[in-house]
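Participant:
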Amino acid sequence: MSDCAQEIENAIINSFPEVILHWCAVHVMRAFRKNLKDYAFESSDKLILDTKMNYLAYGRNGKKEWIEPTFKKILEIAEKFPEFSKYIQNQWISNQERWTAAERDENLALTNNISESINKKIKYYYFGGTIFMRFDRFVMKLIDFIVPSFYYRISQDIRLRDKIPNPLPSEKKPKKSTIRLDTEKCIMLTDKIKSLIVNSSANLNTLQLGLDDLLDKVVKAAKVQKRMTQYFSKLSIPMEIKLSILTQITEFGCNTPQFIVENAKSFQDKIITDFHLQIYTTL
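Using the working numbering, read the sequence shown as starting at 647 and increasing by one per residue.
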């Protein structure tokens, strides 16, 4: 598996003619989105193109017979810009067996994240980030240092596999927050303070009004966050986009109740704009 760069593919095929080469889905989508930005498609068209390509790259439940109709839909939109349509045909359609999930054995990975992690370690840890190293030094370092090091680690893993017990799962501790308070706890706390005020002889009407206002904002903030979460959860958008949106909503909910109530509309509009969701009805 490799990146989707033509230079890398040519080098691999020339060196190993019989190899079956696959492209990493992460790099496929990264390259596609980079090129998509250069064309002035409508936001709705961009979302459809991204969704279709994302499905082809990651859709494990897809079937080979679905590939052609999906590409047909992509080309219907891409034809608005002939140059982009040509790019789709030359780069992606002609090489569909290298990157579409339906063309790949279900036991094969869709990304090369693991190998990239190993390569990064070799590049920066063992070679110290050196560029343009003399080839003879590169080979000697590979033979004298890197191969023995990895062999030793693998042999140690095999030798100790039966002697070291698996780690026990740790209990997740709740995240501490100095800003966000649970809605029910806020209501209970406010009721207790109001009760103290009512039963006291001092005139604390001003404080009571402030607490009423605070309670109202807490309830409104909770409703706003819940409504946004339910709304965006129901949209038919790629899961990775949906998770990113829900994460932002959770982070937005860590602000003060007043901030949430006052900025909910602008926050929602920003999400719709950032993720090209203008084709959906806003809240």
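Cβ atoms here follow ideal geometry from the backbone N, Cα and C, with glycine treated the same way. Quick caveat, the model's predicted, so the values are computed rather than measured.
#1: For Arg873, count the other beta carbons within 10 Å of its own beta carbon; 16 or more makes it buried, fewer makes it exposed. Which is it?
#2: For Lys880, tell me which candidate among Leu923, Lys916, Asn681 and Glu908 has the shortest Cα-Cα distance.
#3: Once DSSP output is grouped into helix, strand and coil, what is the label at Ser841?
#4: According to DSSP, is Ser648 helix, strand or coil?
#5: Distance check for Ile917 and Asn758, CA to CA, integer angstroms please.
#6: Looking only at C-alpha atoms, which of Ala671, Pro903, Glu897 and Thr902 sits nearest to Leu754?
#7: Pull up the DSSP beta-bridge partners for Trp669, would you.
#8: Helix, strand or coil: which one does DSSP assign to Arg750?
#9: Express the C-alpha separation of Ser795 and Arg805 in angstroms, rounding to a whole number.
#10: With a threshold of 16 other CB atoms inside 10 Å of the CB of Ile895, please say whether the residue is buried or exposed.
#11: Look up Asn758 in the DSSP assignment and say whether it is helix, strand or coil.
#12: What does the alpha-carbon distance come out to for the pair Asn656 and Asp649?
#13: Mind checking Gln802: buried by the 16 CB within 10 Å criterion, or exposed?
#14: Skipping 5 residues on each side, what residues in its chain have a beta carbon closer than 7 Å to that of Gly775?
#15: Consult DSSP for Leu889 and reduce its assignment to one of helix, strand or coil.
#16: If contacts are defined as beta-carbon pairs under 8 Å, then Ile694 and Ile723 qualify, I think. What distance do you get, rounded to the angstrom?
#17: Which of the three DSSP states, helix, strand or coil, is assigned to Ile883?
#18: With DSSP run on the structure shown, which of helix, strand or coil describes Phe898?
#19: Evaluate the contact criterion for the region 676-694 versus the region 741-751: three or more CB pairs, one atom per stretch, below 8 Å.
#20: Could you check the C-alpha separation between Asn681 and Glu664 for me, to the nearest Å?
#21: Please classify Arg750: is it buried, with 16 or more other beta-carbons within 10 angstroms of its beta-carbon, or exposed?
Facilitator: Answer, in terms of the structure:
#1: exposed
#2: Leu923
#3: helix
#4: strand
#5: 30 Å
#6: Ala671
#7: Ser648
#8: coil
#9: 15 Å
#10: buried
#11: coil
#12: 12 Å
#13: exposed
#14: Lys769
#15: helix
#16: 6 Å
#17: coil
#18: helix
#19: no
#20: 31 Å
#21: buried
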